[in-house]
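Enquirer: Here it is, the structure in full.
The following block contains the structure:
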């Protein structure tokens, strides 16, 4: 769901990544733009994304066993490495959910307006179910 690469595809993705790194920078940029677009969900699917699904996905990244603690927070590289060294699972406080759309403009107000069309303030404030 979240763009994770299945284990069977990781060797191919690793090889493809090495090839992309050899491309001129303007072609690399196009690969990154389009690969991000293909990873994204359609805007019409946003109402199907729930915090429960995201939390379940994050928890399922770890083996099912008892842990000495759980870290919850932002994705700080140093802290997440510390948690890993201590054998403590880290659960993110936020998730990036890329939404596929063709650019309406490159200025920030256009991007904010494009995202706002898919939000329902009542649901966000009162029920906390939707992003």
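Residue numbers (our numbering): 435 to 565. Where is the CB? At the ideal position from N, CA and C, for every residue including glycine.
(1) Using a threshold of 8 Å, state whether the C-beta atoms of residue 476 and residue 532 are closer than that.
(2) Rounded to the nearest angstrom, how far is the Cβ of residue 527 from that of residue 507, given a contact under 8 Å?
(3) For residue 491, count the other beta carbons within 10 Å of its own beta carbon; 16 or more makes it buried, fewer makes it exposed. Which is it?
(4) Helix, strand or coil: which one does DSSP assign to residue 445?
(5) Quickly, what does DSSP pair residue 526 with across the bridge? List them, please.
(6) What residue range does the alpha helix (DSSP H) around residue 487 cover?
(7) Taking the straight line between their C-alpha atoms, what separation do you get for residue 459 and residue 503?
Expert: With the given structure in hand:
(1) Along the chain shown, one-based indexing puts residue 476 at 42. Along the chain shown, one-based indexing puts residue 532 at 98. Not in contact: residue 476 and residue 532 (Cβ atoms no closer than 8 Å).
(2) The residue given as residue 527 occupies position 93 in the chain shown. The residue given as residue 507 occupies position 73 in the chain shown. Their Cβ separation, rounded to whole angstroms, is 6 Å, which keeps residue 527 and residue 507 in contact under 8 Å.
(3) By 1-based counting over the chain shown, the position of residue 491 is 57. Looking at its Cβ environment, which holds fewer than 16 other Cβ atoms inside 10 Å, residue 491 is exposed.
(4) Translated into positions along the chain shown, residue 445 becomes position 11. Residue state, collapsed to three classes: helix.
(5) Reading the chain shown from its first residue, position 92 is the one you call residue 526. Looking at the DSSP assignment, residue 526 forms a beta bridge with 507.
(6) As a first step, residue 487 must be located in the chain shown, where it is residue number 53. Counting along the chain, the alpha helix (DSSP H) containing residue 487 begins and ends at 485–493.
(7) In the chain shown, residue 459 corresponds to position 25, counting from 1. In the chain shown, residue 503 corresponds to position 69, counting from 1. Answer to the nearest angstrom: the Cα atoms are 43 Å apart.
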